[in-house]
Amino acid sequence: MTQFNPNESPLLSLTRKYVPEGIRQTLSSDPIIPAIAAKAKRIVPENPEFVRSDQGQIIGVFPDKEIYYGPSSGLEELRELVGQFWTFAYNLKGKPGIPSQGLDYKNVAIVSGATEGLSIVMHLVASGQNVGLMPLYWSNYKGIIRNAGGNPVVIEVFNQDYDVDFDQIKRTILEKKITSILINFPNNPSGDVLTEKELNKLAALAEETDLIIIADEVYNFVRYKGTPQSMLGFAPERTVVVSSASKEYLIPGARVGYVIAAEKTFTNDWMPKVIRSFSSSPNVLGQQLLISLLKGEVEDFKNGRQPQLITEIKKELKARCELMLSVLREKGFSLACRDTDFPSGAISVLVRLPDDIKVDDTDFIHKAIELKKFSAVPGSVFGAPRCIRFGYAGMTQETIKRFAQNLQDVLDHLRS
């Protein structure tokens, strides 16, 4: 296995190889304004007469209404909390290739949602490169990769028995000259996960083919089966994780995400420089809200307990999933994922249309909307034709019960 080198990990050496010239210049520069601000901030506490004239913001007019800029890398307290949560939640402390103190609790860059984080990472690694996508994939992935100058290539990950076909993955990587792979577990839309054995084999394959792994782990702790895992626990020297508080803490509108890596140069040096050119700094109000939520969660971990808030959220989500599945099965739908009984995680179910419904998945949804009964997402946008993704997280159990009759109305119309 590749030995982790904090000075030049595979993640850094490969990124240096693929990053476009414009961003290369950004990474090699030392922005003057943030450097001055950092020095001034250190001086102020012990020098009350020091006057700051470097700040590009208005203060002191309506003090109770003012919200100031935060650092490009995010509020330090939040970065520490995210690092601690991740280390506890996915048992990263002491993992091979990761510093003994886990993620150093600050190998985290805060971003304005996971989408921005993923976009920035792709601008660093995807320009002029072929990026592998596993089916099923979030429909926005292709646009994000193309916007960064990359070419998305779908890799058939599973065989017809839903086993991971590592030989096929390797052939595609070599034939298509793929330089990085974007994975998503638990998967949107199916909730699929990889076993620990499969994650180890994926890590070995990434080393053999010299890949960067970008792991979209936004649903990571929403697991109904098994122990939550992070790819950082299997290939830390070449993995970048993108995640957010949107799903797990029910605050998508707060737009708080994070990019995490074992390689601190990537998160603590490169990411802030690029974030500054994207959005200057992430949402301060959203960060403050997440800090208030994570403090208790991290404290629970430290005291040997499961985090209370997210555990309660997961309990309710599982109950909604159970109810949604019972409705869908009663109507003739079947799960279209590795788990034939119950999804392993995430916040939606992917199901196959009943055989006697002759329209395709897109027409099925259009008809349901035309009849003003319900909306859902056609599976074809994820690479799953004749399947439907039903998102149950945004529906209370009472809503799901009402949905059952509306679904029956649509099926009756199409069967008549």
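Per the numbering used here, the sequence shown starts with residue 1, numbered consecutively. Note that beta-carbon positions come from the ideal geometry of N, C-alpha and C, so glycine has one too. The structure presented is a predicted model; accordingly, all values stated were derived computationally and were not measured.
message = Tell me which residues share the same chain as Leu75 and place their Cβ nearer than 8 Å to its Cβ, disregarding the 5 neighbours each side in the sequence.
response = Non-local C-beta neighbours of Leu75 in its own chain, meaning closer than 8 Å and more than five positions away in sequence, comprise Ile110, Val284, Gln287, Gln288, Ile291, ordered along the chain.
Nearest residue (CA-CA) to Ala368, options His413, Glu330, Ser72, Lys177 = Comparing C-alpha distances from Ala368 to each of His413, Glu330, Ser72, Lys177 shows the shortest one belongs to His413.
task = Output yes or no for whether 9 Å exceeds the beta carbon distance between Ile212 and Ser73.
result = No.
message = Give me the residue from Leu317, Gln308, Thr87, Leu202 with the minimum Cα distance to Phe185.
response = Ranked by Cα distance from Phe185, the first of Leu317, Gln308, Thr87, Leu202 is Leu202.
request  = Report, in whole angstroms, the separation of the C-beta atoms of Tyr18 and Val125, which I expect to be a contact under 8 Å.
outcome  = By a beta-carbon distance limit of 8 Å, Tyr18 contacts Val125. Their separation comes to about 5 Å.
request  = Check the DSSP bridge columns for Asn130 and list the partner residues they point to.
outcome  = Asn130 pairs with Asn151, Ile178.
request  = Out of Gly304, Ser139, Gly257, Phe342, point me to the one whose CA is closest to Gly83's CA.
outcome  = Taking Gly83 as reference, the option from Gly304, Ser139, Gly257, Phe342 with the minimal CA-CA separation is Gly257.
Reference Ile173, options Met134, Phe85, Thr195, closest by Cα = When each option's Cα is compared against that of Ile173, the closest is Met134.
key: Among Leu232, Asn91, Glu46, Gly345, the one whose alpha carbon lies nearest that of Arg241   = The sequence shown places Val at residue 241, not Arg. Cα-wise, what sits closest to Val241 is Leu232.
key: Completely contained beta strand (DSSP E) runs for the region 176-236, where each covers 3 or more residues   = As far as the region 176-236 is concerned, its whole beta strand (DSSP E) runs of at least 3 residues are 178-184, 212-216.
ask   = Do you know offhand how far Lys177's Cα is from Ile388's?
value = One Cα belongs to Lys177, the other to Ile388, and the distance between them is close to 32 Å.
task = Report all residues from its chain with a CB closer than 6 Å to the CB of Ala245; omit the five preceding and five following residues, and keep chain order.
result = Within its own chain, the residues whose Cβ lies closer than 6 Å to the Cβ of Ala245, once the five positions on either side in sequence are excluded, are Ile251, Val256, Leu290, listed in chain order.
inquiry  = What does the alpha-carbon distance come out to for the pair Phe50 and Ala38?
reply    = About 14 Å.
key: The alpha helix (DSSP H) enclosing Tyr18, as first and last residue numbers   = 10-18 is the extent of the alpha helix (DSSP H) around Tyr18.
ask   = Mind checking whether Ser326 and Phe390 have CB atoms under 9 Å apart?
value = In terms of Cβ geometry, Ser326 and Phe390 do not form a close pair [threshold 9 Å].
query = How many Å lie between Gly117 and Phe374 at the Cα?
reply = In a straight line, the C-alpha of Gly117 is about 32 Å away from that of Phe374.
query = Anyone know if the C-beta pair for Leu411 and Gly332 falls short of 9 Å?
reply = Taking the C-beta atoms as reference points, Gly332 is found nearer than 9 Å to Leu411.
ask   = For the region 328-390, which segments carrying the alpha helix (DSSP H) assignment without a break, of at least 4 residues, lie completely within its bounds, in sequence order?
value = Considered as a whole, the region 328-390 harbours 361-370 as its complete alpha helix (DSSP H) runs of no fewer than 4 residues, in chain order.
query = Since Thr172 sits in a beta bridge, which residues does DSSP pair it with?
reply = DSSP, once it has assigned bridges, lists no residue as partnering Thr172.
inquiry  = Using the three-state DSSP reduction, which class does Thr396 fall into: helix, strand or coil?
reply    = The three-state reading of DSSP puts Thr396 in coil, since its state is none of H, G, I, E or B.
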